[in-house]
Every structure is written in C-alpha cells, then in structure tokens.
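Worksheet: the structure to be examined is printed underneath.
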Amino acid sequence: MLKNYFIIGYRNILRSKLRTLVHVLGLSLGVAVCLLVFHVVWYENSFDKFHEDGDRIYQVMTHTHYQEESWLNGGVPFPMAGVIEDEIPDVETKTHFYQLEGVRVHLEEDKGIYKERPTVMTDNQHFRIFQRQWLAGNPSTALNEPGQVVLTQAAAELYFQGLPPPEVLGKELTYYFLDTVQVTVAGVVEDYTGNTDFIFTDFLSIQNARKENGEDFYAVDNWQSVNSSSQLFVKLHADTNLEHVNEKLGAIPDKYMEKSEKGFTEFSLLPLVELHFHENFDRPAANKSVLQGLILVGLFILVLACLNFINLETAQSFVRFKEVGIRKTLGGSRSQLIFQFLAETAIIVILAIAGGLVFSDLLVRGLQDLLPDGFVINYLAPEGVAFLVAMGMLLTLFAGIMPAIMLSALQAQKVLKGDFKQINGFSWTYFLQKNLTVIQFTLSIGFIISVLVVSSQIQYMMNKELGFDKEQVMYIRLPFLSDSSQRETFKHVISQQAGVRNTSLGSDILASSSLWTSSVEVTTPTEKKEISVQVKMIDSRFLDVYQVKPKAGRNVRDASNEILINEKFVERLGFDNARDAIGYSLDFNQAEREVVGVVPDFHSRTLREEIRPLILQPAQRNATLLSVKMEANTDLKQAKEDFGLIYQAHFPFEDGEFKFFDETIANFYKSDFRVMKVLGLATLIALVISFLGLFALTSFTIAQRTKEISIRKVLGAGTMEILVSLSKEYVVLMAVAFGLAAIPTWYLLNNWLKEFYFKINMPYDLYFLAGIAALFACLAIVGLHSYKAMQKNPADVLKSE
C-alpha cells in the first residue's frame, strides 16, 4: 500500500510540472536558510562543551560602577586568586592565568624566532580544571617553578620538529615579552580537538609575574587594578548553592578593596558555557541576540515557503475533487486519502531538501565574510543528519496536512455533482487562499521595510560629518617594549617618504573602539564637582594629521602641561563661550594643566554613543601609535607596502601592519552591515518565494476565470475594466498585508534605532515606498496573466457552452 501511495504521488507530480517546480524551489530556499542558520547556531553554541564537569566551571567577572557609568570586565585584581579559596569554601579548585601579548619565542638551537605566540602565565591547577591528555611531563609538578613551560603538541612540533614529546622535555626556550624569560620544557599536552576559546599553546609559570620588574606592571598586590588579561576560573563542588557563593563574592570587595563614595565593584560568576558570548582573550564575543534574530529569520522564510505550498495546493484542490469523489465511491477511506496526499508532499519535501543542500552550499560561499571564523558545514555530522530528518518530517506534516485534511473531508456525492462549497456556501479553499496570501505578503513587506530603514541608518552613519578628515590616513601600533628613541627614529624615517604630509605619535587614533577614561575635579561658577572624561595622549602634529582646527585658542606644545578640551567639556565647566575656557587650570594626571585650546565636538567613538568630555594631553609616555597623513592622489596601497618594509627593517622581530583609518571607522558598524546584508538576503528570498507562489497562483486562478473574462468581453467590457475587476481583490489583500506588517516592523526598528545616540528619524516614507513597490509587483503579475487570458477568442472559449 505504501509503495502505491508513492507511485501515484510520483505520477501526480509529473503531471503538474509547474506546480512541482514552484513547490520544490520555494521549499528548497526555506530549507537552505534554515540549514545554514541551524549550523551557525550549533557552531556558536558548541564551544568548550567537552570539558569534564564543565557545568561546575565558572569565570569570575568584575563589574565596576563609577558615577553614572558601569562596565563588565572578564579580568580580576591579581591578588584575588590568592584569597578566593579561603573566602569561598565552595571552590573545589581555581586557576589564575595572565594573557601575554606580543610574545616572541627564541629557539637557541636553530636561531629561530617565532612571533605572536598565544601564551599565558598560569599555575599548575590550570590543567586540573581544563584537563588535557599529558604526552610527556609530570602534571603534579609542572609550572611550580618560574623557569618552566608546558607546550601543546602543536607548539612542540613547531619548535622541535621531528622530536617525540618525551624527548622535548628539558629543551630550552627563551620568551620575550615584558621580560626575557629562559625556560625549560616541563610538559607536553594534547591539543583540544573540539571548538574552544582557549587557544593558548604556551603555558609559562605565573611565578614569573612576581619577579622584581613584574610586580608593579602586573599589579600583583594591587586590588584596585582590574586588567582583562588577569583571568580567574573556579571549579565549584558538586551541588553548590550559587546564591550562597554569590553572597560570599559580594563580601570580598568590602574586605579587600578601598571604599569610594563615587563607585563600587562587584564580582560575579559566569558559567563556562556562556564564555563564548562574552569578550575574552582578545576575540569578539558571539552575539546571542544576532543568533536569535537569525533563528527568527530562518523560521519566517521556512514558514513563508510552507504557506506558499499550502496556498497553491488549496487553490488547485478543485482539480482533484472528482478524483477524491471517485476514490471514496470505490471504497477509499479518509485515512487512505490523507496518507496519499502526504506521500505526494513527502516526495516534494525530499526533492526540496536535496535542492536545499545545494542552495545552502551556495549561501556559505556567498556569505563567507559574514560567517564566524572557522565555520564549516559537515552535512554528514549526526546533528546535521538528525536536523534534516526532523525538518523533513515536520515540513511534510505542516505543509501537507491542511490540504490533505481538506480534500479528504469532501463528500463524494457533492463533488461528483459539482458542488464544491461547504455548508451555507462558505468556501474553505477561498478563505485559506486569501488569508495565506495576506500572511505571505505581510512577511515580505516587513522584510522590505526593515532592509530600507537599516540601509538608511547605515548610510546616515557613513555620510555624517564626524568633525575630522578620515581620508588619506594610515596608522600602525608600534611595539610596546620599544623605547621612545626607536619610535621617534621610525617616525622620522616615515615622514621623509614621498607622499607623506605629516606624522604624529600618540596613544591612540582620533576615533577608535578603545576607551581611556579618567575623572577630573573641576570648579564651576556654581559648584565643585567631578567629571568623567575621555583621555587621549597626542603630540603637536595630531590635529593637523586628522584635520581638526581649534575652535578657540591654539594647539598644544610637545612635552608641556598644556591641554586641549572639547566643547562638551566647556559646557560641563559652565562656560557659555569656548573662549572663556582658555587659561582655565585643572589638576589632572598628577599635575596642574592649563587649557590652551578648545576643539570641536568630533566623534571619537561610534555614533551609538554620545560625545564625551575630552582631554587631549601631550604624550609623556605610551606614545606607541603612529598616525600618517598622506597627500591627495597618493597610491595608498603602494605606500602601505613600502611602509611595511621600513617597519620590518626597524623592528625585525615584530609583526605589525599599517591600517587605513577610514576602514577602521567603517568597521565600527561591521555588525550593522552584517544585519543589513542578512536582511537583504532574507528579503530577496522572501520575495522570490512570495512572487513565485503568486505567479503560479494567479496563473491557475485566472485560468479558471477564462469563461468569465470571455463573457465580460462579449457583453462589451473593456480591457481596463476587466483588469480592474480582476486586480481589485489583490489591492485589498496587499493593503491588509501592509497594515499588518507596518506596526510590528515599526516596533522592532524603533527599538533597534534606540541603540544609536545619533540616528535618523523614522523614515515613514520608506514604509509607503515598500508597500507601493510590493503592490506594483503584485499587480504586474496579476496583470500579465489577466492580459494573456483576455487575448483568447471568446468564441473558442465559449463554444462548448
């Protein structure tokens, strides 16, 4: 019997090729989007799931509150690692590590230099929490002494090619970072094979931080210093009460940290499974909101494809009314008919899944820059196969059950007489057809509105006057450990190159994602108060490089106690005019500073944030960022290559690259560009599915009204009159769809725009543009089929009547 269901279903599919093509193509697009979304979500949620007792492992987070601001940090004060087990008995074990940057490794035997190695200083307990298979070495004694290092298998093979792990033990390496550390290999461990954020390959002893020149730099005994490089993880005892642990964490700041009326610090626990969704280890965090948005987009597209299937099937159902009547007359039961129609749907779904695999692969290739780093789809993975099977079953039921129930419910006596309506003249077919069409276009119009508004906001951000010139500027971060003379020499050499207009050494570029804030106590005409300010270290050429002209006063001189402030700071000081702030003195950075100039309120951060009070101070130290202003019409790509060679000549053991300032500004909104591209793709797919379904639906329904059209023509109706008659119901449907789409879309977009301090006003004209565009596309499709129907000779159509 089951075999017969599929044979009959196969024949019916071949009999209606257009219907099959529309169904398979629409469902294939929905399957492709859902398959891609599933694998992306699965990938992002797969990080560090393999650790033993992972549900008991937590990262200690620091939440700092100061005045009206607060921020969350993955780091902790260095000395906290020494007291947490005593303060919280629920901690079974803990590990403290400090992430190092710019580490170089020197191998004496072959004089090799390995740059930018992912290295941490940690303790012996690290491998008790984040367990690895030991290939060589003693896990109970490794890292107990400062002169030891544990390597992963990949690092050991890189440094000592061809040697098995046991022979690597005792080999010497030299690490260059803040200090020069000579170590011997005390252990070799396996690399993780699963997805992980713990990408470190070299593990030095954290005892190195307690050397004479490291205690101050690493703030070994300073509870007030919170550095994101200093990370603390704990493993709690089984069945620990988290509320009890959090209470004890809350008591630690009061006991060890200085109290302040202007702020306070809190500690909290972050489950290991949530680590991937928080910024750690110098990598961007995965965004749960984005993943949830992707899931919604995938579901909308798939539902749209299913509604398209149901709509077309119910519209074409009367073609099979006589088939249903004859089958019931010959003894067919309702359940048999339902299984018959579901078998046909299952065949279409199987073809759609095959097509979805092809489209999914095309999407991965086309969206490579939007997908997470390291993301690949393994279609044969157990979770992928299970998802396809589950989705196939659900699609068959969801898309096929409604048409199957409707057709199987028909009474044989009525359909054989030609009475296709239900009780009291109500037609379920007509009811579903119109409502499903409205739902389809509601989703499509919602997508169109969303992509138009998001594009408008992004265009606004990219074109907004920022208060400086972002063009023809390159920059590079110089080695932290280089001395000032090296940096000045490099700057001088770069300034002598062809096409260079000016150069500047400072702590940062004019606008960046980094933020250095401080507090300044000021006296205004009405009160004495403390102001939170943003700080940048500059030199006298900084303003010229970025084309910023003082609004009042003059520029600063190098190595002076002069400062520049912005108009926002002037406003907070209580002055009505920028000139009134010139000569104002304030105590900042352990010295008396004089305001010699006021700069305009330029955007030193993303447009999501308001402009902060700003201090520009001549750099005394930390001037490690070189900004270069190029002349117009300079070949920037060639200049970048030439500057890179000069950099390698001055800093042969460092990796550095010149970057373009305008690209850095654009990267502020990289996530918004991704949202726009995803919405644009979703809109395109939604429109293809909707209009493909509308094309097939109108082709079929207008074909059924051919006799009506011919009779109207015989009675003298004109072409326009007939077109209006056939199109007006679609105008009503599109108007209803627009109304249903506009309100929830406005709500979502309004919440999204609230993330930006500087934003566009809600562009309601784009709402109407989206609705009108969808309406014209709909009328074009209806008009095309109507015009073709009107070209038929009424005599040929009505000759059988």
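Quick note on our numbering: the sequence shown kicks off at 29 and runs consecutively. Note that CB positions come from ideal geometry on N, CA and C, so glycine has one too.
Could you tell me the alpha carbon to alpha carbon distance between VAL624 and ALA580, rounded to whole angstroms?
Using only the alpha carbons, I get a separation of about 8 Å.
Does the distance from the C-beta atom of PHE426 to that of ALA710 stay below 8 Å?
Cβ atoms of PHE426 and ALA710: not closer than 8 Å.
Tell me whether ASN339 is buried or exposed, calling it buried when 16 or more other Cβ atoms sit within 10 Å of its Cβ.
Under this definition ASN339 is a buried residue.
When you compare only the Cα positions, how much space is there between LEU298 and THR92?
Approximately 15 Å, taken between the alpha carbons.
If we require 4 or more residues per run, which alpha helix (DSSP H) segments fall completely within the stretch 68-133?
Entirely contained in the stretch 68-133, the alpha helix (DSSP H) runs reaching 4 residues are, in chain order, 112-115.
Look at the alpha carbon of SER484 and the alpha carbon of ILE788, and state the distance between them as a whole number of angstroms.
Between SER484 and ILE788, the C-alpha separation is close to 8 Å.
Per DSSP, what are the beta-bridge partners of SER233 in this structure?
THR150.
Please go through the stretch 41-65 and give each complete alpha helix (DSSP H) segment of 4 or more residues, from N-terminal end onward.
Whole alpha helix (DSSP H) segments, 4+ residues: zero.
Would DSSP call GLN618 helix, strand or coil?
Three-state DSSP puts GLN618 in coil, outside helix and strand.
I'd like the ranges of any alpha helix (DSSP H) spanning at least 4 consecutive residues and lying wholly in the stretch 595-645.
Complete alpha helix (DSSP H) runs here, min 4: 595-601.
Go to PHE205, then tell me how far its beta strand (DSSP E) extends in each direction, as first and last residue.
It is not in any beta strand (DSSP E) - PHE205 carries neither H nor E in the DSSP assignment.
Report the start-end ranges of each beta strand (DSSP E) in the stretch 490-555 that is 3 residues or longer and not cut off at the edges.
For the stretch 490-555, whole beta strand (DSSP E) runs of length 3 or above, ordered along the chain, are 501-505, 528-534 and 545-551.
Measure the CB-CB distance between VAL573 and PHE630 and report whether it falls below 8 Å.
No, the Cβ-Cβ distance between VAL573 and PHE630 is not below 8 Å.
What's the gap between the Cα of ASP397 and the Cα of PHE403?
Cα to Cα, ASP397 sits roughly 11 Å from PHE403.
From the DSSP output, in three-state form, read off ASN255 for me.
DSSP places ASN255 in strand when its eight states are reduced to three.
What residue range is occupied by the uninterrupted beta strand (DSSP E) comprising GLU294?
Its beta strand (DSSP E) spans residues 291-299.
Please state whether the Cβ-Cβ distance between THR18 and ALA817 is less than 8 Å.
The shown model of the chain, from 29 to 829, leaves out residue 18, and the question about it has no answer.
Just to confirm, are VAL177 and VAL211 a CB contact at a threshold of 8 Å?
Yes.
What do you reckon, are the CB atoms on THR652 and GLY527 nearer than 8 Å?
Result no, Cβ atoms of THR652 and GLY527 do not sit closer than 8 Å.
Helix, strand or coil for PHE796, going by three-state DSSP, please let me know.
PHE796 falls in the helix class under three-state DSSP.
In the DSSP assignment, what are the bridge partners of ALA170?
Paired residue(s): none; ALA170 is not in a bridge.
Going by the beta-carbon positions, is the gap between ILE717 and LEU57 smaller than 8 Å?
Going by C-beta atoms, ILE717 is nearer than 8 Å to LEU57.
Distance, Cα to Cα, GLU115 vs PRO107?
Straight-line Cα distance between these residues: approximately 13 Å.
Go through its chain and collect everything with a Cβ distance to PHE473's Cβ below 7 Å, but skip five positions before and after it.
The sequence shown places Ile at residue 473, not Phe. Cβ neighbours of ILE473 beyond the five flanking positions: ALA765, PHE766, ALA769, ALA798, GLY799 and ALA802.
Using 8 Å as the Cβ pair cut-off and three pairs as the minimum, do the stretch 223-236 and the stretch 139-155 touch?
Contact between the stretch 223-236 and the stretch 139-155 is present, because at least three Cβ pairs lie under 8 Å.
Assign VAL764 to one of three DSSP states: helix, strand, or coil.
Helix, per DSSP.
By the 10 Å Cβ neighbour count, where 16 or more other Cβ atoms means buried, how is HIS67 classified, buried or exposed?
Flag for HIS67 reads buried.
Report the partner residues of MET565 according to the DSSP bridge assignment.
Partner(s): GLN645.
Going by DSSP in three states, GLN161 sits in which element: helix, strand or coil?
Coil, per DSSP.
Residues in its own chain within less than 7 Å of GLY453 by CB, not counting five upstream and five downstream?
Low per-residue confidence applies at GLY453: pLDDT is 47, beneath 50, and the placement is therefore not dependable enough to give any value.
Does DSSP put GLY3 in a helix, in a strand, or in coil?
The structure shown does not extend to residue 3, since the chain is modelled only from 29 through 829, so no value can be given for it.
Is it buried or exposed, HIS272, if we count other Cβ atoms within 10 angstroms and call 16 or more buried?
Result: exposed.
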